[in-house]
Amino acid sequence: MKKLFCLLAVLPLMATAQYKSLVWSPDNGDGTYTNPVINADYSDPDVCVGPSGDDYYLTASSFQCTPGLPVLHSRDLVNWEIVGYALKELYSGDKELASHFSTPQHGAGVWAPSIRFHDGEYYIYWGDPDYGVYMVKTRGGDPAGEWEDPVCVISGKGYIDTTPLWDDDGRCYLVNGWANSRAKFASVLTVRELSPDGTRAVGQPVIVFDGNGTENRTCEGPKFYKRDGWYWIMCPAGGVPTGFQLAMRSKSPYGPYEHKIVLAQGKTAVNGPHQGGWVHTRYGEDWFLHFQDKDAYGRVVHLQPVDWSSGWPVMGRKGQPVTTHKKPKAAEGCPIVNPVESDEFNAPTVGRQWQWQANYDEKYGMPTAFGTFRIYTHKLEKDWKSLWLVPNMLLQKTPADRFTVTAKLRLTAKAEGQFGGLIMMGRDYSAIVVRRQGNEFQLVQMTCPGADKGKAQTVQVLATLQPTAKDAIDYKPAIHEDIYLRFTVADSQVDFFWSQDGKKFSPCGERFKMREGVWIGAKFGFLAAETDEKADRGWVEADWIRVTP
Numbered sequence: 000m001k002k003l004f005c006l007l008a009v010l011p012l013m014a015t016a017q018y019k020s021l022v023w024s025p026d027n028g029d030g031t032y033t034n035p036v037i038n039a040d041y042s043d044p045d046v047c048v049g050p051s052g053d054d055y056y057l058t059a060s061s062f063q064c065t066p067g068l069p070v071l072h073s074r075d076l077v078n079w080e081i082v083g084y085a086l087k088e089l090y091s092g093d094k095e096l097a098s099h100f101s102t103p104q105h106g107a108g109v110w111a112p113s114i115r116f117h118d119g120e121y122y123i124y125w126g127d128p129d130y131g132v133y134m135v136k137t138r139g140g141d142p143a144g145e146w147e148d149p150v151c152v153i154s155g156k157g158y159i160d161t162t163p164l165w166d167d168d169g170r171c172y173l174v175n176g177w178a179n180s181r182a183k184f185a186s187v188l189t190v191r192e193l194s195p196d197g198t199r200a201v202g203q204p205v206i207v208f209d210g211n212g213t214e215n216r217t218c219e220g221p222k223f224y225k226r227d228g229w230y231w232i233m234c235p236a237g238g239v240p241t242g243f244q245l246a247m248r249s250k251s252p253y254g255p256y257e258h259k260i261v262l263a264q265g266k267t268a269v270n271g272p273h274q275g276g277w278v279h280t281r282y283g284e285d286w287f288l289h290f291q292d293k294d295a296y297g298r299v300v301h302l303q304p305v306d307w308s309s310g311w312p313v314m315g316r317k318g319q320p321v322t323t324h325k326k327p328k329a330a331e332g333c334p335i336v337n338p339v340e341s342d343e344f345n346a347p348t349v350g351r352q353w354q355w356q357a358n359y360d361e362k363y364g365m366p367t368a369f370g371t372f373r374i375y376t377h378k379l380e381k382d383w384k385s386l387w388l389v390p391n392m393l394l395q396k397t398p399a400d401r402f403t404v405t406a407k408l409r410l411t412a413k414a415e416g417q418f419g420g421l422i423m424m425g426r427d428y429s430a431i432v433v434r435r436q437g438n439e440f441q442l443v444q445m446t447c448p449g450a451d452k453g454k455a456q457t458v459q460v461l462a463t464l465q466p467t468a469k470d471a472i473d474y475k476p477a478i479h480e481d482i483y484l485r486f487t488v489a490d491s492q493v494d495f496f497w498s499q500d501g502k503k504f505s506p507c508g509e510r511f512k513m514r515e516g517v518w519i520g521a522k523f524g525f526l527a528a529e530t531d532e533k534a535d536r537g538w539v540e541a542d543w544i545r546v547t548p
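Structure representation (structure tokens):
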């Protein structure tokens, strides 16, 4: 483990450091960029420009993961970094709902948010398909700072994909889609009026677009804008992996709207290019950020130029996605920066790349003053079959199609069966863990195809390990195992390795085929769990984790 150090001394360095990924950086360094600009699962992205004109903020769906509603910042729409989260948990201020989300509710929670700047504050709206339309806004106008507790704007089931529009006269309108899984109808968009402060509905919904029975089925994810006297709704249709982007316009927020396809795959390799946000920059340019569904890797973010010369926002190159393009005009000195992946765990706060599988409980784990992050073993249910409902996995998004993850950790076990290690988590998962067996440890692979369907995991013992340390005292002694774990990812295939010295790694376990989660991509990180309900918890002490080619 690392030596003790003064955490306060490293905080100024952390605040100013620029992180450049070793596995994917879209900025080519020559005035061009290559898509995706964020090669990670930021599903259903939306973007707005700040009052300075040189700052852009992006948010995305976070579903049941916490903290939720990630906030990313860029000064050129190409280089992005995570600056915070708008939701510490689901749902602050509502004890009943917060308790509901204390266990993983896969695929529930925050769907397709929108971010807007209005009257000195940033607002994010989203639809929770089980509970209604919610809004959260900044406290003091800083999207990287504190956000207020969420407000329920409309209560009920089925509401998803919400965007507000504050009109020139101060009136506020909201557009939204509908979840067939809850409402039992879909492929329609509705508009209603909200109070001027955007906190409650004051009008009834009006259906403004109906894609049923047409190629525009599964129209959803609408974004609401006004330009040159026209009301614009931009939305995807045609299905997530195979669809396209629509733009529609009207002289009234309530329609009727005429529509056109403005972005489609065409002859490119970018499937289903749609659902995102449009921005007009202070430099007179127009851009559209959208996602591409890449199966186990999730929904990654692309940037397209937008041409309005025809009166319609034609995106990409004549309506087809670009792969490489000239960067947007931006202020001088914009750094190359990417979302952080590696972590030395030298800070007294959780790294911004990490999320839990449910609302955070301090018993999950916390940073230490020793340059580590400690994750305590989760108490599994007596009849547990898999790790599907374990809330204390500390996970992050996959950052590229090919990458290597290496972690140095120690398992401290106080009781039989306590285990911890690395996991690649999705509807299927596989983990390499160290598990206490008597006064020894076992290196074990835990794999579960169909965890989302209640299937039971399989366990393969790979090696027997002697403890690297033992407590000398008699009071609740523990045994410890220091180990290095590694996995490589290429084309959705995961291979596992282990080492006791961090230099020579041996392959272990069976190759695993990654699979997406519920509405999210596969995620990787740490887990710690146990089967003894009465024992004192053990823990995983993560020293560092490094993402490399």
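Mapping of the sequence shown onto numbering that gives the first Met the number 0: position 266 corresponds to residue 265, and the numbering continues sequentially without gaps.
Yeah, the Cβ is synthetic: ideal placement off N, Cα and C, and Gly gets one too.
>> If you measure between the beta carbons of Val201 and Val190, is that distance less than 8 Å?
In response: Between Val201 and Val190, the C-beta gap is not smaller than 8 Å, which leaves the two residues out of contact.
> Can the beta-carbon of Pro149 be found closer than 8 Å to that of Tyr122?
Replying inline: No, Cβ-Cβ distance for Pro149 and Tyr122 is not below 8 Å.
> Where do the N-terminal and C-terminal ends of the alpha helix (DSSP H) with His99 fall, by residue?
Replying inline: Boundaries of the alpha helix (DSSP H) harbouring His99: 94 to 99, taken from the DSSP string.
> Do the stretch 526 to 541 and the stretch 410 to 427 meet, that is, are 3 or more Cβ pairs less than 8 Å apart?
Replying inline: Output reads yes: the stretch 410 to 427 touches the stretch 526 to 541.
> Which residue's Cα is closest to the Cα of Ser180: Ile159, Arg401, Tyr363, Glu120?
Replying inline: The candidate whose alpha carbon is nearest that of Ser180 is Ile159.
> Which residues mark the beginning and the end of the alpha helix (DSSP H) in which Arg181 is found?
Replying inline: Element bounds for Arg181: 179 to 182.
> Between the stretch 249 to 261 and the stretch 195 to 210, are three or more C-beta pairs nearer than 8 Å?
Replying inline: The stretch 249 to 261, when compared against the stretch 195 to 210, does touch it at the 8 Å Cβ threshold.
>> In this structure, how does DSSP classify Glu361 when only helix, strand and coil are distinguished?
In response: Taken through DSSP and simplified to helix, strand or coil, Glu361 comes out as helix.
> DSSP three-state call for Val546: helix, strand or coil?
Replying inline: In the structure shown, Val546 sits in a strand (DSSP, three-state: E or B).
> What do you get for Asp227, buried or exposed, if any count of 16 or more other CB atoms within 10 angstroms of its CB means buried?
Replying inline: Per the 10 Å Cβ criterion, exposed.
> Can you give the Cα-Cα distance for Thr280 and Val48, rounded to whole angstroms?
Replying inline: The alpha-carbon atoms of Thr280 and Val48 are separated by roughly 8 Å.
> Pick from Lys454, Gly501, Ile232: whose alpha carbon is nearest that of Arg248?
Replying inline: It is Ile232 whose Cα lies nearest to the Cα of Arg248.
> Where does the unbroken beta strand (DSSP E) through Gln459 begin, and where does it stop?
Replying inline: 457 to 464 is the span of the beta strand (DSSP E), which, as asked, contains Gln459.
> Straight-line CA distance for Leu6 to Leu408?
Replying inline: Because Leu6 carries a pLDDT of 39, less than 50, the predicted location of this residue cannot be relied on, and the following value inherits that uncertainty. Cα to Cα, the separation comes out at about 20 Å.
> Does the Cβ-Cβ distance between Ala357 and Gln63 come in under 8 Å?
Replying inline: For Ala357 and Gln63, yes; Cβs fall inside 8 Å.
> In this structure, does DSSP put Tyr121 in helix, strand or coil?
Replying inline: DSSP places Tyr121 within a strand segment (E or B) once states are collapsed to three.
> Is it buried or exposed for Asn438, if we count other Cβ within 10 angstroms and need 16 for buried?
Replying inline: Under this definition Asn438 is an exposed residue.
> What do you get for Tyr90, buried or exposed, if any count of 16 or more other CB atoms within 10 angstroms of its CB means buried?
Replying inline: By the neighbour-count rule (16 or more Cβ atoms within 10 Å), Tyr90 is buried.
>> Just to confirm my understanding: we take Val240, look at its own chain, exclude 5 residues before and 5 after, and list those with CB closer than 6 Å. What are they?
In response: A quick correction: the sequence has Pro, not Val, at residue 240. Counting only Cβ-Cβ distances below 6 Å, and skipping sequence neighbours, we find Asn270, Gly271, Asp292.
> If you draw a straight line from the C-alpha of Val152 to the C-alpha of Cys171, how long is it?
Replying inline: As the crow flies, the alpha-carbon of Val152 is around 13 Å from that of Cys171.
> So, do the stretch 97 to 104 and the stretch 132 to 148 have three or more beta carbon pairs nearer to each other than 8 Å?
Replying inline: Touching, no.
>> Judging by CA-CA distance, which residue of Leu386, Tyr483, Val404, Asp470 is the nearest neighbour of Asp451?
In response: Looking only at Leu386, Tyr483, Val404, Asp470, the smallest Cα-Cα distance to Asp451 is reached by Leu386.
>> Threshold first: 4 residues or longer. Then list the alpha helix (DSSP H) segments lying entirely within the stretch 179 to 216, N to C.
In response: Whole alpha helix (DSSP H) segments, 4+ residues: 179 to 182.
> What first and last residue would you give for the beta strand (DSSP E) that runs through Ile260?
Replying inline: Unbroken beta strand (DSSP E) run through Ile260: 257 to 262.
> How many whole angstroms separate the CB atoms of Pro304 and His324, which I take to be in contact at a CB cut-off of 8 Å?
Replying inline: Yes, Pro304 and His324 are in contact; Cβ-Cβ is about 6 Å, under 8 Å.
> Once you ignore the five residues that flank Gly30 on each side, which residues in its own chain have a CB closer than 7 Å to its CB?
Replying inline: Cβ neighbours of Gly30 beyond the five flanking positions: Lys325, Lys326.
>> Could you check whether Pro338 and Ala39 sit closer than 8 Å to each other, using their CB atoms as the reference points?
In response: Between Ala39 and Pro338, the C-beta spacing is below 8 Å.
>> Helix, strand or coil, according to DSSP, for Lys225 in the structure here?
In response: In the structure shown, Lys225 falls within a strand segment according to DSSP collapsed to helix, strand and coil.
>> With a threshold of 6 Å on Cβ separation, who are the neighbours of Trp518 within its own chain once the five nearest residues in sequence on each side are excluded?
In response: Hits under 6 Å: Phe62, Gly106.
> Can you give, in chain order, each stretch of the beta strand (DSSP E) that sits fully within the stretch 325 to 380 and has at least 3 residues?
Replying inline: If you keep only unbroken beta strand (DSSP E) runs of at least 3 residues inside the stretch 325 to 380, you get 364 to 366, 372 to 375.
> So, helix, strand or coil for Ala295, using DSSP?
Replying inline: DSSP places Ala295 in helix when its eight states are reduced to three.
>> Going by beta-carbon coordinates alone, are Gln319 and Gly242 separated by less than 8 Å?
In response: Not in contact: Gln319 and Gly242 (Cβ atoms no closer than 8 Å).
> If you draw a straight line from the C-alpha of Ala185 to the C-alpha of Leu461, how long is it?
Replying inline: Looking at the two C-alpha atoms, the distance is approximately 49 Å.
>> Using a 10 Å radius around the Cβ and a threshold of 16 neighbouring Cβ atoms, would you call Pro35 buried or exposed?
In response: It counts as buried.
>> Taking contact to mean 3 or more Cβ pairs, one atom from each stretch, closer than 8 Å, check whether the stretch 474 to 481 and the stretch 403 to 417 are in contact.
In response: Flag = yes, the stretch 474 to 481 and the stretch 403 to 417 touch.
> Along the chain, where does the beta strand (DSSP E) that runs through Arg409 open and close?
Replying inline: 401 to 412 is the span of the beta strand (DSSP E), which, as asked, contains Arg409.
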